[in-house]
Amino acid sequence: MQINFENERFSTRHIGPDAQQKNEMLEVCEAGSIEQLLKETIPAKIRLDKPLNLPPALSENEYLDHIKKTASRNEIYKSFIGMGYYDTHTPNVILRNILENPGWYTAYTPYQAEISQGRLEALINFQTMVTDLTGMEIANASLLDEGTAAAEAISMLHGRRRGKKRKNANTFFVSENCHPQTKSVLKGRIEPLEIELVFGDPEKVDLTDENYFGILLQYPDTYGTVKDLSEIIKTAHDNQLFVTVAADLLSLTLLTPPGEMGADVVVGTTQRFGVPMGYGGPHAAYFATKEEFKRQIPGRIIGVTKDAEGNPAYRMALQTREQHIRREKATSNICTAQVLLAVISGMYAAYHGPQGLKKIASKVHGLAKLTSAGLQELGFKTVSDQFFDTITVKGLGADQIDEIRSRAIDRGMNFRYLDEGVGLSFDETKDLSDVEDVLNIFAGASTKENSFDVQKASMVMRVDFPESLARTTSYLEHPVFNQFHSEHEMLRYLKELENRDLSLTHSMISLGSCTMKLNATAEMIPLTWPEFGSIHPFAPTDQAKGYHQLFDELDEWLSEITGFEKISLQPNSGAQGEYTGLMTIRAYHRANGDTQRDVTIVPSSAHGTNPASAVMAGMDVVVTKCDENGNIDLDDLREKVEKYSDRLSSLMVTYPSTHGVFEEDIREICQMIHEHGGLVYMDGANMNAQIGWTSPAQIGADVCHLNLHKTFCIPHGGGGPGMGPIGVVEKLVPYLPDHDVVNINGGKGIPAVSSAPWGSASILTISHAYIRMMGADGLKEATEVAILNANYLKDRLKDHYPILYTGRGGRSAHEFIVDLRDFKQDVGIDATDVAKRLMDYGFHAPTMSFPVPGTLMIEPTESESKEELDRFCDAMIQIRKEIREVEDGEADPEENVLKHAPHSMRVALSDEWNRPYSREKAVFPVPHQRYNKFWPAVSRVDDAYGDRNLVCSCLPVEAYSEGQEPAAGESVYPA
Numbered sequence: 001m002q003i004n005f006e007n008e009r010f011s012t013r014h015i016g017p018d019a020q021q022k023n024e025m026l027e028v029c030e031a032g033s034i035e036q037l038l039k040e041t042i043p044a045k046i047r048l049d050k051p052l053n054l055p056p057a058l059s060e061n062e063y064l065d066h067i068k069k070t071a072s073r074n075e076i077y078k079s080f081i082g083m084g085y086y087d088t089h090t091p092n093v094i095l096r097n098i099l100e101n102p103g104w105y106t107a108y109t110p111y112q113a114e115i116s117q118g119r120l121e122a123l124i125n126f127q128t129m130v131t132d133l134t135g136m137e138i139a140n141a142s143l144l145d146e147g148t149a150a151a152e153a154i155s156m157l158h159g160r161r162r163g164k165k166r167k168n169a170n171t172f173f174v175s176e177n178c179h180p181q182t183k184s185v186l187k188g189r190i191e192p193l194e195i196e197l198v199f200g201d202p203e204k205v206d207l208t209d210e211n212y213f214g215i216l217l218q219y220p221d222t223y224g225t226v227k228d229l230s231e232i233i234k235t236a237h238d239n240q241l242f243v244t245v246a247a248d249l250l251s252l253t254l255l256t257p258p259g260e261m262g263a264d265v266v267v268g269t270t271q272r273f274g275v276p277m278g279y280g281g282p283h284a285a286y287f288a289t290k291e292e293f294k295r296q297i298p299g300r301i302i303g304v305t306k307d308a309e310g311n312p313a314y315r316m317a318l319q320t321r322e323q324h325i326r327r328e329k330a331t332s333n334i335c336t337a338q339v340l341l342a343v344i345s346g347m348y349a350a351y352h353g354p355q356g357l358k359k360i361a362s363k364v365h366g367l368a369k370l371t372s373a374g375l376q377e378l379g380f381k382t383v384s385d386q387f388f389d390t391i392t393v394k395g396l397g398a399d400q401i402d403e404i405r406s407r408a409i410d411r412g413m414n415f416r417y418l419d420e421g422v423g424l425s426f427d428e429t430k431d432l433s434d435v436e437d438v439l440n441i442f443a444g445a446s447t448k449e450n451s452f453d454v455q456k457a458s459m460v461m462r463v464d465f466p467e468s469l470a471r472t473t474s475y476l477e478h479p480v481f482n483q484f485h486s487e488h489e490m491l492r493y494l495k496e497l498e499n500r501d502l503s504l505t506h507s508m509i510s511l512g513s514c515t516m517k518l519n520a521t522a523e524m525i526p527l528t529w530p531e532f533g534s535i536h537p538f539a540p541t542d543q544a545k546g547y548h549q550l551f552d553e554l555d556e557w558l559s560e561i562t563g564f565e566k567i568s569l570q571p572n573s574g575a576q577g578e579y580t581g582l583m584t585i586r587a588y589h590r591a592n593g594d595t596q597r598d599v600t601i602v603p604s605s606a607h608g609t610n611p612a613s614a615v616m617a618g619m620d621v622v623v624t625k626c627d628e629n630g631n632i633d634l635d636d637l638r639e640k641v642e643k644y645s646d647r648l649s650s651l652m653v654t655y656p657s658t659h660g661v662f663e664e665d666i667r668e669i670c671q672m673i674h675e676h677g678g679l680v681y682m683d684g685a686n687m688n689a690q691i692g693w694t695s696p697a698q699i700g701a702d703v704c705h706l707n708l709h710k711t712f713c714i715p716h717g718g719g720g721p722g723m724g725p726i727g728v729v730e731k732l733v734p735y736l737p738d739h740d741v742v743n744i745n746g747g748k749g750i751p752a753v754s755s756a757p758w759g760s761a762s763i764l765t766i767s768h769a770y771i772r773m774m775g776a777d778g779l780k781e782a783t784e785v786a787i788l789n790a791n792y793l794k795d796r797l798k799d800h801y802p803i804l805y806t807g808r809g810g811r812s813a814h815e816f817i818v819d820l821r822d823f824k825q826d827v828g829i830d831a832t833d834v835a836k837r838l839m840d841y842g843f844h845a846p847t848m849s850f851p852v853p854g855t856l857m858i859e860p861t862e863s864e865s866k867e868e869l870d871r872f873c874d875a876m877i878q879i880r881k882e883i884r885e886v887e888d889g890e891a892d893p894e895e896n897v898l899k900h901a902p903h904s905m906r907v908a909l910s911d912e913w914n915r916p917y918s919r920e921k922a923v924f925p926v927p928h929q930r931y932n933k934f935w936p937a938v939s940r941v942d943d944a945y946g947d948r949n950l951v952c953s954c955l956p957v958e959a960y961s962e963g964q965e966p967a968a969g970e971s972v973y974p975a
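Each step along the sequence shown adds one to the number in our numbering, with nothing skipped, and position 330 is 330.
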């Protein structure tokens with residue numbers, strides 16, 4: 001045998017089926033080869049005529065050596081920059097058991113509540129933490145970042161304007177003392193909504209001006225100042241204005257919370273609660289408000305309901321993913337939330353508890369007070385004597401600032417530099433020696449020597465805010481924040497929650513359009529290296545050379561894959577990418593004088609975020625029909641295009657289509673739009689069926705967003721983080737997003753769409769690893785096997801279920817739709833029943849009732865083996881037999897195994913069993929489950945009950961006793 005000296009290819013580990021399995025699957029698909037299958041699936045006129053030009057694939061070990069060298073180019077300085085980003089200690093028990101644990105990071109968004117109870121509880125802990133600390137009544141389960149949260153608040157409040165004086169008000173006042181990155185995001189997000197923003201001094205604004213409908217304040221402000229907001233909030237309310245406050249969550253353990261001052265909305269970030277800075281993200285933002293706005297809150301809310309046995313259970317409440325219901329009438333396009341990061345932040349609060357958080361806050365405040373006292377002895381002046389963690393030295397000359405900067409850099413420290421001042425922010429990682437270093441640096445830029453005795457002064461330092469600012473109310477009294485302070489107890493709690501959830505560690509999650517593929521361990525390893533985690537997003541760029549090498553390489557590789565000229569990495573979710581792409585198109589038209597181009601055409605089959613994003617970008621949405629084969633109806637599209645020719649801005653199209661078909665006429669569709677002066681936006685949700693065979697540019701698109709949390713292997717994390725970079729053709733490059741703090745596009749692009757210049761930068765390491773280890777051949781093979789796996793499943797199931805749409809020759813793309821509507825009509829079994837029954841077989845349901853109500857959309861991805869595909873097929877075929885039992889009268893239409901699914905362990909082991917089918921049929925429908933059973937944590941949840949009786953905070957412990965229902969409208973805390 002000849003010795004092979006090459007390292008093993010990563011793609012052989014990423015791609016599930018081996019060569020023999022592929023041949024067996026091709027035989028079922030009646031295809032002689034992969035090439036034949038792909039040519040029968042992808043139209044010839046859009047196929048690429050040359051291979052992708054990407055670097056050679058690296059093995060896992062080679063890549064980790066390579067990325068370690070890249071990471072070493074990042075320099076870790078102690079950060080005192082602040083502005084909402086802080087160094088933090090991630091407790092190791094949380095780091096290892098959540099952030100580095102695939103049981104948490106490979107789970108999907110908790111739409112199927114019965115197999116998501118663990119992360120749902122973790123998220124309701126997060127909501128409770130936020131409402132308690134802010135003093136508000138209700139909170140959502142996180143948003144993308146603080147800037148986005150502030151923009152969502154303005155949009156929500158605009159829709160709730162009240163009173164004769166304010167019902168037509170269209171101006172919102174923003175304090176000039178808000179963080180600059182928040183102001184940057186607001187400029188872009190609010191302008192398309194035709195809301196005017198006014199920036200200024202909140203102490204000088206005329207709140208009687210009838211043009212205003214609300215104000216935004218920062219607490220503490222960006223320079224560190226803490227002021228009692230009660231009076232300005234009262235004055236605003238007396239004049240029927242809404243008040244939003246962006247608040248530092250840690251400070252609220254010491255300071256009077258905005259809710260107690262009367263704020264209508266409180267927003268901010270939970271980054272400093274155990275989540276590394278990561279050069280900007282990902283971090284979970286929070287959004288808290290009053291009960292009266294519960295049906296307008298953007299994003300997701302976790303609520304309490306009961307299951308079929310009457311026991312408390314959690315589920316996503318109210319208008320979750322409301323854009324899929326309201327579409328172009330939706331007020332928000334929020335889809336991905338930062339769930340994994342929200343879980344970490346909530347567990348950070350649970351681990352430290354109220355006293356632990358207060359201790360951390362007191363230390364941080366004390367370090368700032370010591371520094372302020374020492375600086376005053378040196379003759380420096382600060383902007384305020386009331387602050388939490390940040391002080392800003394004022395009245396400095398340019399030479400002084402340069403001297404301070406030079407000395408700080410020499411000591412490995414980053415300060416915030418202003419026109420005539422220097423900002424210093426402290427966090428839990430700093431100590432008394434850092435205060436000494438800061439004072440010595442400033443002494444070098446003054447005429448005095450530093451004689452301040454930090455140790456002595458620290459012995460008498462106290463928290464002593466004025467009565468109006470000092471918090472007096474309790475918080476985090478629920479047992480979850482008071483019983484897991486030892487590592488052993490926290491470890492067990494995290495494992496208990498993890499065990500309630502189904503993730504990719506258990507089985508295939510075949511969600512159409514969501515691409516739940518392998519998140520390889522090697523791809524995840526660099527994520528937690530300090531060289532990537534411990535860098536402030538506004539640190540000098542020459543300290544982040546490793547990051548910028550990574551950005552440049554990703555730009556080059558993704559441009560090659562898409563065929564575009566340039567990639568913007570700023571959008572930090574798929575829906576954010578949609579919005580950014582449309583804003584880029586809008587800016588292009590306006591630059592050409594075509595300000596009237598405000599119509600976006602969206603197919604009826606599009607993701608719900610498409611029309612919602614278009615509305616947010618200031619577009620009028622026109623819906624075009626799909627024909628009986630699921631393709632865009634060309635006649636209807638032509639009619640719409642001609643009708644709106646002068647106003648046509650763009651067409652939003654998903655390719656392959658949302659129905660899982662490569663439309664033959666896609667080039668003609670794009671040409672039609674271009675002939676009428678419009679541009680084509682391609683939704684990149686289905687890129688997993690394109691790479692190496694075709695591309696967005698090849699079909700004629702002008703801009704496309706890429707879901708890195710789908711095709712490019714960033715884990716879904718239970719519903720986030722995500723990334724949605726956009727690629728554009730050359731003429732759109734000047735309009736890509738810029739940023740007010742860090743100039744990234746020459747100051748010419750659209751305003752920032754994310755708080756951080758490069759979005760959630762730290763998770764870009766995952767996609768970088770995937771592309772570099774797969775290489776051009778591996779990426780192309782992944783596309784081929786994704787399509788093979790989908791067609792194999794389709795052909796195994798087509799004799800048991802109707803398949804709704806296929807392309808030429810009966811082929812599907814990487815996903816297909818199973819039609820269940822006749823079962824509902826004939827015997828009352830619907831898609832929900834099948835979805836819940838799949839849980840008993842150990843599977844998460846495919847995408848349910850989208851894009852067609854009453855159907856399942858199935859996408860297996862390339863990372864699933866034939867064995868796993870067969871296990872899923874066997875489950876679906878067995879469920880079809882169970883439906884047939886109802887059809888044939890063997891099973892009761894209501895008292896059957898599908899209607900009662902899923903079956904929890906509590907039900908199966910109960911003393912009473914009065915159902916007309918056996919326990920074995922209920923819980924062991926296939927033989928292997930006797931030895932490997934995933935148990936749903938609860939029985940079928942009652943969604944309607946939860947919406948009628950909304951409870952969105954932790955329930956008291958006694959509510960978990962057998963059969964007790966959660967109380968509606970009452971305090972959720974024990975007396």
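Backbone N, C-alpha and C define an ideal beta-carbon position, used for all residues, glycine too.
Computed from a predicted structure; not experimentally measured.
Straight-line Cα distance separating F5 from R300: Whole-angstrom Cα-Cα distance: 52 Å.
Nearest neighbour of A908, chosen from D555, W935, Y931 and L898 [CA to CA]: Nearest C-alpha to A908: W935.
Residue from L250, H800 and A790 with nearest C-alpha to G807: Residue A790 is the option with its Cα nearest to G807.
Option in Q690, M723, K643 and K545 with minimal Cα separation from Y579: For Y579, the closest C-alpha among the options Q690, M723, K643 and K545 is that of M723.
Whole-angstrom distance between A786 and T12, CA atom to CA atom: If you take the alpha carbons of T12 and A786, they lie about 14 Å apart.
Simplified DSSP assignment, three categories, for D389: The answer is coil: DSSP assigns D389 none of H, G, I, E or B.
Exposure label - N631; buried when at least 16 CB within 10 Å: Counting Cβ neighbours within 10 Å, N631 comes out buried, since at least 16 surround it.
C-beta contact flag for S657 and P715 at 9 Å: One thing to note: S657 has its Cβ no nearer than 9 Å to the Cβ of P715.
Reduced DSSP category for Q319 - H, G, I as helix; E, B as strand; rest coil: Low confidence applies here, because Q319 scores a pLDDT of 48, under 50, leaving its location unreliable; read the following figure in that light. Residue state, collapsed to three classes: coil.
Proximal residues to N983 (C-beta, below 6 Å), its chain only, five neighbours per side dropped: This structure leaves residue 983 out entirely; the chain is present only between 1 and 975.
Where I3 sits in the DSSP three-state scheme: Residue state, collapsed to three classes: coil.
Cut-off 7 Å between Cβ atoms - residues of its own chain near P43, not counting five sequence neighbours on either side: Contacts found: F662 and E664.
Simplified DSSP assignment, three categories, for T256: Three-state result, T256: coil.
CB contact flag (G147, A752, <9 Å): Contact: yes.
Close beta carbons around V827, own chain, < 8 Å, minus the five adjacent residues each side: Answer for V827: I883, V886, E887 and P893, listed in chain order.
Three-state class that DSSP yields for T244 in the structure shown: In this structure, T244 counts as strand in the three-state DSSP scheme.
Under the three-state DSSP convention, the category S406 falls into: Here S406 sits in helix by DSSP.
Beta carbon of M857 nearer than 9 Å to that of L502: No, the Cβ-Cβ distance between M857 and L502 is not below 9 Å.
Pair within 9 Å by beta-carbon distance, F388 and A349: Cβ distance not < 9 Å, so F388 and A349 don't count as in contact.
Contacting residues, own chain, Cβ-Cβ under 6 Å from L252 (five flanking each side not counted): Cβ within range, chain order: L133.
Sufficient close CB pairs (3 or more, under 8 Å) joining the stretch 71 to 78 to the stretch 413 to 428: Judged by pairs of C-beta atoms under 8 Å, the stretch 71 to 78 touches the stretch 413 to 428, as three or more such pairs exist.
Exposed unless 16 or more other CB atoms sit within 10 angstroms - verdict on F10: Buried, since its Cβ has 16 or more Cβ neighbours within 10 Å.
Segment limits, beta strand (DSSP E) that includes A288: Its beta strand (DSSP E) spans residues A285 to T289.
Between the CA atoms of L793 and A799 - distance to the nearest angstrom: Here residue 799 is Asp; the residue named in the question, Ala, does not match the sequence. Spanning the two alpha carbons is a distance of roughly 11 Å.
contact_flag[the stretch 176 to 195, the stretch 736 to 754] where n(CB pairs < 8 Å) is 3 or more: With the cut-off at 8 Å, the stretch 176 to 195 and the stretch 736 to 754 touch.
Terminal residues of the alpha helix (DSSP H) in which Q117 lies: Start and end: Q117 to T134.
The stretch 214 to 228 contacting the stretch 251 to 265, beta-carbon criterion three pairs below 8 Å: In this structure the stretch 214 to 228 lies against the stretch 251 to 265, because at least three pairs of beta carbons, one per stretch, are closer than 8 Å.
Which of helix, strand or coil DSSP assigns to I34: Here I34 sits in helix by DSSP.
Given 8 Å, three or more beta-carbon pairs between the stretch 423 to 432 and the stretch 384 to 404: By the Cβ criterion, the stretch 423 to 432 is in contact with the stretch 384 to 404, since at least three pairs of Cβ atoms, one from each stretch, lie closer than 8 Å.
Sequence-distant residues of its chain with Cβ nearer than 7 Å to N610 (five each side left out): Short of 7 Å from the beta carbon of N610, and not among the five residues preceding or following it, lie these beta carbons of its own chain, in chain order: E578, V602, M652 and D683.
A141 - DSSP class collapsed to helix/strand/coil: Assignment of A141 by DSSP, reduced to helix, strand and coil, places it in the coil class.
Residues near L38 in its chain [Cβ-Cβ closer than 7 Å; skip 5 each side]: For L38, where only same-chain residues beyond five positions count, the Cβ hits under 7 Å are W693, E784 and I787.
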